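The numbering of the sequence shown is the working numbering, which starts it at 691 and goes up by one.
From the three backbone atoms N, C-alpha and C, an ideal C-beta is built for every residue, glycine too.
Predicted model, so just to flag it, every value in this text is computed and none were measured.
Read the structure below first, then the notes.
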Amino acid sequence: MQQRQKQYQRLAIGSLLPENVLNYKNKANELQKQIESSKIGLSNEEKYAVNQYISSESYKINETLRNNIKLTDEQKRMRDNLDSALNKCNNYNGNIVRVLEIKDKELLKDFLKKNKIGKIENWKEYLSFSDKESYNKNANIKIYVNSTRAKDIRKYNETESEILYPRNSKFVTRNIVKQHGTYYILWEEIDE
Numbered sequence: 691m692q693q694r695q696k697q698y699q700r701l702a703i704g705s706l707l708p709e710n711v712l713n714y715k716n717k718a719n720e721l722q723k724q725i726e727s728s729k730i731g732l733s734n735e736e737k738y739a740v741n742q743y744i745s746s747e748s749y750k751i752n753e754t755l756r757n758n759i760k761l762t763d764e765q766k767r768m769r770d771n772l773d774s775a776l777n778k779c780n781n782y783n784g785n786i787v788r789v790l791e792i793k794d795k796e797l798l799k800d801f802l803k804k805n806k807i808g809k810i811e812n813w814k815e816y817l818s819f820s821d822k823e824s825y826n827k828n829a830n831i832k833i834y835v836n837s838t839r840a841k842d843i844r845k846y847n848e849t850e851s852e853i854l855y856p857r858n859s860k861f862v863t864r865n866i867v868k869q870h871g872t873y874y875i876l877w878e879e880i881d882e
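Here you go:
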């Protein structure tokens, strides 16, 4: 894989057409991601927990964690294996976005209370972000973070290009703007 990556890098440098340069750079970057993720070495239980999370189980476990509801034994096992998997995953460095669709006025009001400018919030659940903004066109909330701590699980969820914060991550709201019915929120990671 590393030899193929170097070949794509050489082709990118030697190409005259901009679209070929971009194509070869993208292929080299994809191979780099594969090389890095192959070094992670998750156990079967950890891989299963990640796959459970990226399915509909994420909604169930996050709702339980967010509301301090007692976890079932199966949920505890998933939580522990997911925590372990995330500890092994590489941190994602760069800008990411979380898009939410909260149409219920009371739920929206409660969410916005947690996002007052300058307020630090500890989020008990796992927080899914993406390096792509367009994965939910109906979102009325867009949260932006310059990540240094979120875990890169794109290998397991390429469709949504998922970047995941571990549970109990802390953020401070730096800015919030409402424009055309959508709330744009800027968070900053807080050191633990």
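Inset, instruction - Helix, strand or coil for Glu-777, going by three-state DSSP, please let me know. - result: Within the sequence shown, the letter at position 87 stands for residue 777. Note on identity: in this sequence residue 777 is Asn, with Glu being the wrong assignment. The answer is helix: DSSP assigns Asn-777 an H, G or I state.
Legend entry - Inter-residue spacing [alpha-carbon to alpha-carbon] between Leu-854 and Lys-806: Translated into positions along the sequence shown, residue 854 becomes position 164. Translated into positions along the sequence shown, residue 806 becomes position 116. Distance between the alpha carbons of Leu-854 and Lys-806: 23 Å.
Inset, instruction - Measuring alpha carbon to alpha carbon, tell me which of Ala-739, Ile-703, Lys-809, Trp-877 ends up nearest Lys-766. - result: On the sequence shown, position 76 is the one that residue 766 refers to. Checking every option, the nearest Cα to that of Lys-766 belongs to Ala-739.
Inset, instruction - Identify the continuous beta strand (DSSP E) that holds Lys-860 and give its terminal residues. - result: The sequence position of residue 860 within the sequence shown is 170, counting from 1. Its beta strand (DSSP E) spans residues 859–869.
Inset, instruction - Look up Tyr-738 in the DSSP assignment and give the residues it is bridged to. - result: For the purposes of this step, residue 738 is taken as the residue at position 48 of the sequence shown. In DSSP, Tyr-738 forms no bridge with anything.
Inset, instruction - Closer than 8 Å by C-beta to Asn-847: which residues in its own chain qualify, once you throw out the five before and the five after it? Chain order, please. - result: Locating residue 847 in the sequence shown gives position 157, counting from the first residue. So the qualifying residues of the chain are Ile-744.
Inset, instruction - Entirely within the segment 786–823 and at least 4 residues each: give me those alpha helix (DSSP H) ranges in chain order. - result: Entirely contained in the segment 786–823, the alpha helix (DSSP H) runs reaching 4 residues are, in chain order, 795–803.
Legend entry - Limits of the alpha helix (DSSP H) - the one that Ile-751 falls within: Taking the sequence shown and counting its residues from 1, the one referred to as residue 751 is at position 61. Ile-751 -> alpha helix (DSSP H) spans 748–756.
Legend entry - Nearest-angstrom Cα separation, counted from Gln-742 out to Ser-887: Outside the displayed span of the chain (691 to 882) sits residue 887, for which this structure offers no information.
Legend entry - Closer than 7 Å: Asn-836 CB and nearest the ligand NAP heavy atom: In the structure shown, the ligand NAP is absent, as is every other ligand, since no ligand is present at all.
Legend entry - Glu-879 in three-state terms, based on DSSP: If you number the sequence shown from 1, residue 879 lands on position 189. Strand.
Inset, instruction - Take Lys-804 and list the residues in its own chain whose beta-carbon comes closer than 7 Å to its own, dropping the five residues that flank it on each side. - result: For the purposes of this step, residue 804 is identified with residue 114 of the sequence shown, where counting begins at 1. The residues are Glu-811.
Inset, instruction - Rank Arg-857, Lys-832, His-870, Glu-850 by C-alpha distance to the C-alpha of Leu-876 and give the top, closest one. - result: For this step, residue 876 is matched to residue 186 along the sequence shown. Closest option to Leu-876, Cα to Cα, is Lys-832.
Legend entry - Asn-780 vs Thr-838 beta-carbon contact at 8 Å: Mapped onto the sequence shown, residue 780 falls at position 90. Mapped onto the sequence shown, residue 838 falls at position 148. Result no, Cβ atoms of Asn-780 and Thr-838 do not sit closer than 8 Å.
Inset, instruction - Consult DSSP for Lys-766 and reduce its assignment to one of helix, strand or coil. - result: Residue numbering aside, residue 766 sits at position 76 when the sequence shown is read from its first letter. Reduced to three states, the DSSP call for Lys-766 is helix.
Inset, instruction - Use the C-beta contact count for Asn-836: other C-beta atoms within 10 angstroms, 16 or more gives buried, fewer gives exposed. - result: Working through the sequence shown from its first residue, we reach residue 836 at position 146. So Asn-836 counts as exposed.
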